[in-house]
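**Q**
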Amino acid sequence: MYLNCDCPKLMRNIDIMFLLLALIAEIIGTIGGFGSSVFFVPIANFYFDFHTVLGLTALFHLSSNLSKVFLFKQGLNKRLLLYIGAPSVAFVIIGGYASKFVNTYYLEVFLGFFLVILSLVFIVRRDAIISPSNKNAMIGGTLSGFSAGLLGTGGAIRGLTMAAFNLEKSVFIATSAFIDFLIDFSRSVVYYQNGYIHEESIKYVPFLFIIGLVGSYIGKRILAFIPHSRFRKLSLYLVLLIGLITLAQVYL
């Protein structure tokens with residue numbers, strides 16, 4: 001569904017269904033604690049080439065994570081900002097540059113298997129947890145950063161790592177969002193240099209900025225009424241479904 005009329009140039013050829021799906025991804029990502037990229041990347045991949053998806057994801061997250069930091073501003077965990085945030089930023093840059101040299105077909109295959117395996121691990125091992133050490137925080141930050149740069153999504157890895165530290169809900173979301181913001185700012189620069197950010201993606205930025213704010217707000221309100229564990233389980237099955245659809249799209 002496209003909005004194509006005698007409107008200002010900004011409003012022409014805008015896919016409304018894509019924007020609605022982006023809003024749903026932001027709401028679910030906020031509530032589930034995985035971040036919207038887990039859902040947004042495979043959804044956007046149905047509409048754009050994979051490199052454009054990477055550029056759009058980085059720009060989309062800049063606004064959504066700023067809003068999360070504002071909405072859940074009851075404190076940041078400085079320890080995790082250092083031990084998870086620093087390696088995340090360093091390796092998202094490496095992953096971002098690496099994405100330029102890997103065939104997009106393989107990136108899509110990696111993404112599909114990544115989503116399927118990750119969701120199955122969490123579904124089967126509901127009590128899966130990582131020891132809350134500085135070493136594991138740095139390893140988790142490294143893996144999530146590199147995955148975010150290469151595949152566009154790494155929030156689930158970071159979420160699993162941060163869960164080990166038993167943070168209060170608002171501190172968890174605010175800290176994760178601040179780290180994600182640093183990641184997105186860094187990879188936006190890399191993706192721009194790679195040529196992933198262009199006119200086709202720029203025209204969606206104002207809409208995605210609003211969606212990031214609105215989706216985060218709605219997610220926060222819903223979070224007050226739905227048990228996190230129950231929605232997390234539903235989110236995992238959605239991630240599994242999206243992963244399978246992504247693989248089917250590649251192979252069929």
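Numbering (my numbering), first residue to last: 1 to 252. For every residue, glycine included, the Cβ atom is placed at its ideal position computed from N, Cα and C.
Determine the DSSP secondary structure at D6, reduced to helix, strand or coil.
**A** Legend: pLDDT at D6 = 47, less than 50; position of this residue unreliable, value from coordinates given subsequently. Note: D6 maps to coil in three-state DSSP.
**Q** Among the residues of its own chain, which have a CB less than 7 Å from the CB of G212, if the five just before and after it don't count?
**A** Excluding sequence neighbours, G212 sits near E26, F60, S63, S64 and S67.
**Q** State the CB to CB distance for the pair L182 and A98, rounded to an integer number of angstroms; the pair is presumed to be in contact (CB under 8 Å).
**A** Not a contact, Cβ separation roughly 19 Å.
**Q** Sorted by chain position, which residues of the same chain lie with C-beta nearer than 6 Å to I222's C-beta, five sequence neighbours on each side aside?
**A** For I222, where only same-chain residues beyond five positions count, the Cβ hits under 6 Å are I31.
**Q** I'd like to know whether the C-beta atoms of L167 and N77 end up nearer to each other than 8 Å.
**A** Taking 8 Å as the Cβ cut-off, L167 and N77 qualify as a contacting pair.
**Q** Does DSSP put D49 in a helix, in a strand, or in coil?
**A** Three-state result, D49: coil.
**Q** Report buried or exposed for D184, applying the criterion of at least 16 other Cβ atoms within 10 angstroms of its Cβ.
**A** Looking at its Cβ environment, which holds 16 or more other Cβ atoms inside 10 Å, D184 is buried.
**Q** Any contact of the stretch 112–124 with the stretch 238–245, i.e. 3+ C-beta pairs under 8 Å?
**A** Because the criterion of three Cβ pairs below 8 Å is met, the stretch 112–124 and the stretch 238–245 touch.
**Q** Roughly how many angstroms lie between the CA atoms of G55 and S201, to the nearest whole one?
**A** Looking at the two C-alpha atoms, the distance is approximately 7 Å.
**Q** Quick one: what's got a C-beta closer than 6 Å to C5's C-beta in the same chain, skipping five residues either side?
**A** For C5, the predicted model reports a pLDDT of 48, less than 50, meaning its position is unreliable; a value from the coordinates is still stated below. Taken in chain order, the list of residues that qualify is empty.
**Q** Would G95 pass as a contact of G141 if the rule is Cβ separation under 8 Å?
**A** The answer is no: Cβ separation not under 8 Å.
**Q** Could you work out which residue in F48, V124, V92 and K203 is closest to K233 when comparing CA atoms only?
**A** Of the listed residues, the one whose Cα sits closest to K233 is V124.
**Q** Quick check: what's the CA-CA separation for V41 versus S170?
**A** Distance between the alpha carbons of V41 and S170: 25 Å.
**Q** Using the rule of at least 16 other Cβ atoms within 10 Å of the residue's Cβ for burial, across every protein chain shown, is M17 buried or exposed?
**A** With fewer than 16 Cβ atoms within 10 Å of its Cβ, M17 is classed as exposed.
**Q** Which residue's Cα is closest to the Cα of R230: I28, V109 and I173?
**A** Comparing Cα-Cα distances from R230 to each of I28, V109 and I173, the minimum goes to I28.
**Q** By alpha-carbon positions, which one of F91, I14, F70 and L111 ends up nearest to Q249?
**A** Answer by Cα proximity: L111.
**Q** Identify whether K78 lies in helix, strand or coil by the three-state DSSP scheme.
**A** Of the three classes helix, strand and coil, the one that applies to K78 here is helix, per DSSP.
**Q** Looking at C-alpha atoms only, which residue of F70, F39 and S37 is the closest neighbour of A174?
**A** Closest by alpha carbon: F70.
**Q** Could you give the residue range of the alpha helix (DSSP H) that holds S133?
**A** Careful: S133 lies outside any alpha helix (DSSP H) and carries neither H nor E.
**Q** Candidates N134, F178 and A44: which alpha carbon is nearest G155's?
**A** Of the listed residues, the one whose Cα sits closest to G155 is F178.
**Q** Can you list, in chain order, the residues of its chain whose CB lies under 7 Å from that of D180, leaving out five sequence neighbours each side?
**A** If we look at D180 and ignore the five residues flanking it on each side, its Cβ neighbours are G35, H61, N65 and G155.
**Q** Less than 8 Å between the CB atoms is what I'm expecting for A22 and L143, so what's the real figure, rounded?
**A** The pair is not a contact, with the Cβ atoms about 26 Å apart (cut-off 8 Å).
**Q** Enumerate in chain order the residues of its own chain whose CB-to-CB distance from A58 is below 6 Å, with the five nearest sequence positions on each side excluded.
**A** Excluding residues within five positions, the ones whose Cβ falls inside 6 Å are D184, R187, S188 and Y191.
**Q** Let me know the secondary structure DSSP gives P227 once reduced to three states.
**A** Coil.
**Q** Rounded to a whole number of angstroms, what is the C-alpha to C-alpha distance between G243 and F114?
**A** Approximately 8 Å, taken between the alpha carbons.
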